[in-house]
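Report on the structure given below.
Numbering (the numbering used here), first residue to last: 220 to 384.
What follows is the structure, given as structure tokens:
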């Protein structure tokens, strides 16, 4: 088993990048290990660094290299952060999945297969969804009278359009 970056969105979608170096650089410049040729990506955007101390597990950390558009892990901007298998990394308009792969993951067949992406699901109960009941919005946004009226009006218009369709 090895750790890899799998491009799940962007110009490199479907590509697999095994993490075999102590530091893997990502950016627009062709000197990077992972080259993303898009103006939303900085020349030297970020790096993934390998750490293994005596008696500790091997770990990877992502470090933003003062990129213009930032580096995001699981939708949150980061300067540096320890990575866990399953993390989604966004660099410019490209998204990567930080994951473990088997040695077969380096085969051409595996490089073109779609990765399985899992995310946690939050279920919203109908009775907790105040936006489905315009009358409850008045109570929830009492301190925001104008906003409550505007949202209530939009909900009524949306409901009328939906019923007409």
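The beta-carbon is built from N, C-alpha and C at its ideal position, and this holds for glycine as well.
How many angstroms separate the CA atom of residue i from the CA atom of residue j?
i, j, result
"residue 377", "residue 365", "18 Å"
"residue 258", "residue 246", "10 Å"
Compare the C-alpha of residue i against each of the options and name the closest.
i, options, result
"residue 312", "256, 250, 373", "256"
"residue 251", "287, 273, 242", "242"
"residue 310", "233, 383, 238, 265", "265"
"residue 270", "287, 261, 240", "240"
"residue 287", "263, 370, 278, 272", "263"
"residue 281", "235, 244, 237, 236", "244"
"residue 226", "273, 368, 253", "253"
Which same chain residues, not among the five before or five after residue i, have their C-beta less than 6 Å away from its C-beta?
i, result
"residue 289", "296"
"residue 228", "314"
Short check: CB of residue i to CB of residue j, under 9 Å?
i, j, result
"residue 319", "residue 222", "yes"
"residue 291", "residue 308", "yes"
"residue 283", "residue 293", "no"
"residue 278", "residue 316", "no"
Within a Cβ cutoff of 7 Å, which residues of the same chain sit near residue i, ignoring the five residues on either side of it in sequence?
i, result
"residue 231", "255, 313"
Going by the C-beta, is residue i closer than 8 Å to any heavy atom of the ligand ATP?
i, result
"residue 301", "No copy of the ligand ATP appears in this structure; indeed no ligand is present at all."
Using a Cβ-Cβ cutoff of less than 8 Å, which residues in the same chain neighbour residue i once the five nearest sequence positions on both sides are dropped?
i, result
"residue 238", "221, 222, 223, 224, 267, 269, 279"
task = Report the residue ranges of all beta strand (DSSP E) runs contained in full by the region 266–329; include only those spanning at least 3 residues, in chain order.
result = 278–283, 290–292, 295–297, 299–301, 307–310, 313–320
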